[in-house]
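Trainee: Just so you know, we're using numbering that gives the first Met the number 0 here: the sequence shown kicks off at 0 and counts up by one.
Ideal Cβ positions, reconstructed from N, Cα and C, are used throughout, including at glycine.
Have a look at this one before I ask anything.
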Amino acid sequence: MRDRWEERTQAPLLVLAVAFGVAYAVPIVAPGATPWVHRLCTHVEWAVWAAFALDYLVRLALAPARWAFVRSHPLDLLAVLLPMVQPLRLLRVVSTLLLVGRRARMAPQITLTTYVAGAVVGLMMFGSLAVLHVERDAPNGNIKTLGDAVWWSFTTMTTVGYGDHAPTTGLGRVLAVGLMLSGIALLGVVTANIAAWFISRFDRDDAVERRHTELLEALTREVRELRAEVVRLSVPTGAVPAGAVPAGAPGSEPQDVPAPTAPRS
């Protein structure tokens, strides 16, 4: 039952995640929008978080062992409770990203490469928007545009850190730490995935080479057996083999001659 629920809700929840991203980005990219647009985006954010929280509660209710489900999904529970403890906009972003990531990772049709690529793009986008929202109005901040924020997120996630743009507020530095750790983790996953691909490719090539060697050895044995069969069949029945001494020839073994029979009277 739970598997059927997760399969049916996979696509709608991903669509809601895209809607959450748009609702989160619009007030930051267009801060001068009308107030009703900001209110609509806030309502959409809370609605998406509520949908993911409801999904968690339904999966918890359908689980055969509920305490085991809670213990095995601690991040899901944290993501559901986090915005309720402190209704901060950034916490809704973090909780929704955690819930989306968990559901996307459970989807069988999403491969590891697709998941990692989506995680990189999502973290870079939300990291850029979050740091721009925090640092744009900071007195000593130097991240004032979306381009600055994207450049900072890219250099931070790749652990390059040129230093031309850096957060100056406490919350911005917290975002930087989270982005650094996420970037290191994703780079590790990408590196391990590439290494595993090369190893599997080499193993596959070795298996093909071993198969070819086995086939060649089997073919060589068959050719030898066929040659022996041809030689056996080419010698006529009763023919004197080469090197044999004919009967009665000097040096041959004496033959038993039948005794003459007496004439009948």
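Can F68 and L59 be called in contact, C-beta distance under 8 Å?
Mentor: For F68 and L59, yes; Cβs fall inside 8 Å.
Trainee: Quick check on W48: does DSSP put it in helix, strand or coil?
Mentor: Here W48 sits in helix by DSSP.
Trainee: For P138 and L15, what's the separation of their Cα atoms in angstroms?
Mentor: Each residue's Cα considered, the two are about 35 Å apart.
Trainee: Of all the options V36, G126 and A50, which has the alpha carbon lying nearest to the alpha carbon of V149?
Mentor: It is G126 whose Cα lies nearest to the Cα of V149.
Trainee: Can you tell me whether N192 is helix, strand or coil according to DSSP?
Mentor: DSSP places N192 in helix when its eight states are reduced to three.
Trainee: Can you tell me whether V14 is helix, strand or coil according to DSSP?
Mentor: In this structure, V14 counts as helix in the three-state DSSP scheme.
Trainee: For a test of the three-state rule: what should DSSP assign to D54, helix, strand or coil?
Mentor: It is helical.
Trainee: Out of curiosity, what's the CA-to-CA distance linking D147 and S71?
Mentor: Roughly 39 Å separates the two Cα atoms.
Trainee: Just the C-alpha distance for P166 and G140, rounded to the nearest angstrom, thanks.
Mentor: Between P166 and G140, the C-alpha separation is close to 7 Å.
Trainee: CA-CA distance, A24 and R209?
Mentor: If you take the alpha carbons of A24 and R209, they lie about 56 Å apart.
Trainee: If you drop the 5 nearest sequence neighbours on each side, which residues of the same chain put their C-beta closer than 7 Å to that of I27?
Mentor: Closer than 7 Å at Cβ, skipping near neighbours: L128, L131 and H132.
Trainee: State the Cα-Cα distance for the pair E44 and V189, rounded to the nearest angstrom.
Mentor: Spanning the two alpha carbons is a distance of roughly 31 Å.
Trainee: With 16 as the cutoff for other CB atoms within 10 Å, does A22 come out buried or exposed?
Mentor: A22 comes out buried.
Trainee: Going by CA-CA distance only, name the one from D75, R7, H42 and V159 that's closest to L56.
Mentor: L56 has its Cα closest to that of D75, out of D75, R7, H42 and V159.
Trainee: What is the rounded straight-line gap between the Cα of T155 and the Cα of S181?
Mentor: Using only the alpha carbons, I get a separation of about 10 Å.
Trainee: To the nearest angstrom, how far is it from the Cα of T219 to the Cα of L232?
Mentor: Rounded to the nearest angstrom, the two C-alpha atoms are 20 Å apart.
Trainee: Please report how far the alpha carbon of A206 lies from the alpha carbon of A118, in whole angstroms.
Mentor: Going from the Cα of A206 to the Cα of A118 covers about 34 Å.
Trainee: Comparing C-alpha positions only, which one of L185, L39 and T144 sits nearest to L122?
Mentor: That would be L185, whose Cα lies nearest to the Cα of L122.
Trainee: Helix, strand or coil: how does DSSP classify P26 here?
Mentor: If DSSP states are grouped into helix, strand and coil, P26 belongs with the helices.
Trainee: Please name the residue in D54, G20, T33 and P30 whose C-alpha comes closest to that of E266.
Mentor: Only positions 0 to 264 of the chain appear in the structure, and residue 266 is not among them; the question remains open.
Trainee: Excluding sequence positions up to five away, which residues of its chain have a Cβ less than 6 Å from the Cβ of V79?
Mentor: Cβ within range, chain order: A52 and Y55.
Trainee: Nearest by alpha-carbon distance to L13: which of R172, V47 and D163 is it?
Mentor: It is V47 whose Cα lies nearest to the Cα of L13.
Trainee: Based on Cα-Cα distance, which residue from P63, H211 and P73 lies nearest to D2?
Mentor: Closest option to D2, Cα to Cα, is P63.
Trainee: Which same chain residues end up closer than 7 Å to W4 when comparing Cβ atoms and leaving out the 5 residues on each side of it in sequence?
Mentor: Contacts found: V57, R58 and L61.
Trainee: Please report how far the alpha carbon of V222 lies from the alpha carbon of E216, in whole angstroms.
Mentor: Cα to Cα, the separation comes out at about 10 Å.
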